[in-house]
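The opening residue of the sequence shown carries number 10 in our numbering; numbering runs sequentially from there.
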Amino acid sequence: MTTRLTIALIYGSGREGRFADTVAGWLEPELAGFSHYDIVRIDAAELAFTPGGLDEASAALVESRISQADAFLIVTPEYNHAYPAALKAIIDSCFRPWHAKPVAFVSYGGISGGLRAVEQLRLVFAELHAVTIRETVSLAHAWTQFDPAGNPFRPGILNGQLAMLMSRLAWWAHALKTARIATRYDEVAA
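Right under this line is the structure:
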């Protein structure tokens with residue numbers, strides 16, 4: 010398939026000193042190598058939060074980028090066996106723009122590599138009528154997998170996992186985009 014896809018790369022952590030920058034620092038140049046994607050970025054560290062979620066301007070920005078995306082790639086840590094509150098605020102900032110679009114995960118953390126956070130996110134995205142991709146790039150003890158400059162010690166393994174994940178994400182993105190063009194998702198149950 011040669012149709013270009015827009016993928017929203019979502020940084021799920023907004024913490025100061027976050028490891029997401031190292032993971033995304035490896036990921037973004039790799040994604041650039043897949044020339045048939047346009048990447049838009051949603052970074053929790055660049056958004057403004059209120060006690061109830063995102064402020065108005067940040068919510069509008071996030072909704073716009075989610076609306077234009079054909080698929081999502083979420084970089085998420087696992088904090089205390091769960092995903093970050095900043096990511097939840099991003100997800101909850103809108104509802105319909107997530108519908109009938111695929112979501113993939115690059116997770117990181119301690120021994121579980123962020124997989125407990127991913128499993129919780131699968132439940133959330135099911136409620137949003139989004140399709141989560143089975144393949145996940147999971148970085149157990151992530152801080153031991155990169156050198157001080159942010160280069161992975163085993164790039165072949167990570168790049169192979171990423172290639173599989175992106176192939177599946179693209180397949181779902183094309184299939185669901187075709188379906189959304191043929192019939193608006195909101196009209197299916199109307």
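Cβ atoms here follow ideal geometry from the backbone N, Cα and C, with glycine treated the same way. For clarity, every value in this text was computed on a predicted model and none was experimentally measured.
Cβ distance (whole Å) where residue i is taken to contact residue j below 8 Å
i	j	result
Pro93	Gly21	5 Å
Ile19	Ile48	Contact doesn't hold; Cβ gap of about 11 Å is too wide.
Pro86	Gly118	6 Å
Phe155	Val112	Going by Cβ atoms, the distance from Phe155 to Val112 rounds to 24 Å, so no, they are not a contact pair.
Leu14	Tyr46	5 Å
Three-state secondary structure (DSSP) of residue i
i	result
Ala139	coil
Arg177	helix
Phe104	coil
Thr22	The sequence shown places Ser at residue 22, rather than the Thr named in the question. Three-state result, Ser22: coil.
Pro60	coil
Ser121	coil
Thr153	helix
Thr31	helix
Phe162	coil
Thr187	helix
Val112	strand
Residue environment, residue i, which counts as buried when at least 16 other CB atoms sit within 10 Å
i	result
Trp152	exposed
Arg24	exposed
Ala29	buried
Ala53	buried
Gly26	exposed
Trp35	buried
Any non-hydrogen atom of the ligand ATP within 8 Å of residue i CB
i	result
Val197	Absence of the ligand ATP is noted for the structure shown, with no ligands found whatsoever.
Close-in-space but distant-in-sequence residues of the same chain around residue i (CB under 7 Å, 5 per side omitted)
i	result
Ala98	Phe58, Gly62, Leu63
Ile75	Ala17, Cys103, Pro106, Trp107
Val133	Ile100
Other residues of its chain near residue i: CB distance less than 6 Å, five sequence neighbours each side excluded
i	result
Leu178	Ala80, Pro111, Ala113, Ile142
Asn160	none
Asp195	none
Residues that residue i bridges to, as DSSP identifies them
i	result
Thr15	Asp47
Cβ neighbours of residue i in the same chain (closer than 8 Å, five flanking residues each side left out)
i	result
Ala91	Arg125, Ala126, Gln129
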